[in-house]
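To keep things clear, I will list the structure first and then write my remarks on it.
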Amino acid sequence: MDFSALENVELVEIVNPNETNEIELSKLTPNPYQPRLKDTEVTELASSIQENGQLQPIIINQDNVIVGGHRRYYACLSLDKPTIKYTRVKTTVQQLYSFSVIENEQRQSLSAIELALSYKKALDENIYSNAKDLATSLNKSEAHITKVRNMLKLPIEIQDDIIQNKRKVSVETLSTLLQVKEKNQMIDLYHGYIKGLINRNDILDAVKKAKQKPSRDILKISKTSFKMDMKISHLDDDKRLELEEEIRKLISKFEE
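Here the UniProt record's numbering is used: position 49 in the sequence shown is 49, and no number is missing along the way.
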């Protein structure tokens, strides 16, 4: 059994790593932090197991919770197999969560929104007390954790589309999209991106254009009962000074 994915999870004690046993499927519990697998993944593996048998054991912990090998578990379940081969490890709750995230990142099976929801769940359920501890556990920067969690600020229409259609849109691209202030424009740019009509640079250009303001020379004078906006960019310097002096005189009359 290849335990290389476990190497990134701090302090995982492997119990009898060279010993392979079998356990009844009914005694196992899926990892509560493992996202739902696609039916096609399970069906394809079930066909392989039916033809070639179970080539690798799953990994379970001291409480019979599945740490790794959920596809094999569900595939054997669909084939009505009574038992499954396993290797046991000892884990904490934090390690159980970390391994789930690391395993899915290695398989690139999580969308940006699913990853954000996973981080949110870890913090909401106090698996980790803060984002810094979560980042340390996953060997990520705290800035990365924050950036991913910000994906949940996207309009719900975008979040639902990414999850339902398994969109492979990078966190970087979605972060750029988040800089768009108008919701409708953000949604339009998103659909343009997933249809291949625009790229990330086009989204950046849209953000820059939205931030640009018309260059106007405005003279604004305010008083409790008096407010005046005047566009004076068309005046030359002498006329502008003359106008400003007249306005000051006008204001002084209001103050008398």
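C-beta: ideal position from N, C-alpha, C; glycine also.
Residue i lies in the alpha helix (DSSP H); which residues open and close that run?
i: K132; result: A131 to L138
i: K147; result: E142 to R149
i: V171; result: V171 to L177
i: Y33; result: Per DSSP, Y33 belongs to no alpha helix (DSSP H) and is neither H nor E.
i: I163; result: I156 to Q164
i: I113; result: A112 to D124
i: V180; result: Run containing V180: none; DSSP gives neither H nor E here.
i: N201; result: R200 to K211
What are the boundary residues of the beta strand (DSSP E) that includes residue i?
i: V101; result: Not the beta strand (DSSP E): V101 falls in the alpha helix (DSSP H), residues V93 to R107.
i: I59; result: I58 to I60
i: E24; result: N21 to E24
i: I66; result: I66 to G68
i: I84; result: T83 to K90
Going by beta carbon distance, what residues of the same chain come within less than 6 angstroms of residue i, once the five residues before and after it are set aside?
i: L241; result: none
i: L243; result: none
i: A122; result: Y97, Y128 and L134
i: L110; result: N104
i: K27; result: N64
i: V159; result: Correcting the residue identity first, residue 159 is Gln in this sequence and not Val. The answer, listed in chain order, is I113.
i: E22; result: T83 and K85
When we look at the beta-carbon of residue i and count the other beta-carbons within 10 Å, is it buried (16 or more) or exposed?
i: residue 257; result: Since the first and last residues shown for the chain are 1 and 256, residue 257 lies out of range.
i: D161; result: buried
i: S47; result: exposed
i: A143; result: exposed
i: K249; result: exposed
i: A112; result: buried
i: K195; result: exposed
i: S170; result: exposed
i: residue 300; result: This structure cannot settle anything about residue 300, because the visible part of the chain is limited to 1 through 256.
i: T176; result: buried
i: T87; result: buried
Apart from the five residues on each side of it in sequence, which residues of its chain come closer than 7 angstroms, Cβ to Cβ, to residue i?
i: V65; result: T29, N31 and L96
i: Q34; result: H70 and S100
i: L115; result: V148
i: S141; result: A135
i: P155; result: K183, M186 and I187
If residue i sits next to residue j, beta carbons under 8 angstroms apart, how far is it from one beta carbon to the other, in whole angstroms?
i: C76; j: Q56; result: Rounded, the Cβ-Cβ distance is 12 angstroms, inconsistent with contact.
i: S137; j: Q94; result: 6 angstroms
Note down, in chain order, each residue of its chain lying with its Cβ closer than 8 angstroms to the Cβ of residue i, except the 5 sequence neighbours on either side.
i: T146; result: A131
i: V180; result: M186, L189, I203, A206, V207 and A210
i: L25; result: Y73, C76, L77, K81, P82, T83 and I84
i: G192; result: I198 and D202
i: L79; result: A46, I49 and Q50
i: K120; result: R149 and L152
i: E157; result: I187
i: V42; result: R71, Y74, A75 and S78
Review point. Quick check: the stretch 198-214 against the stretch 141-152, are there 3 or more CB pairs under 8 angstroms?
Key: no
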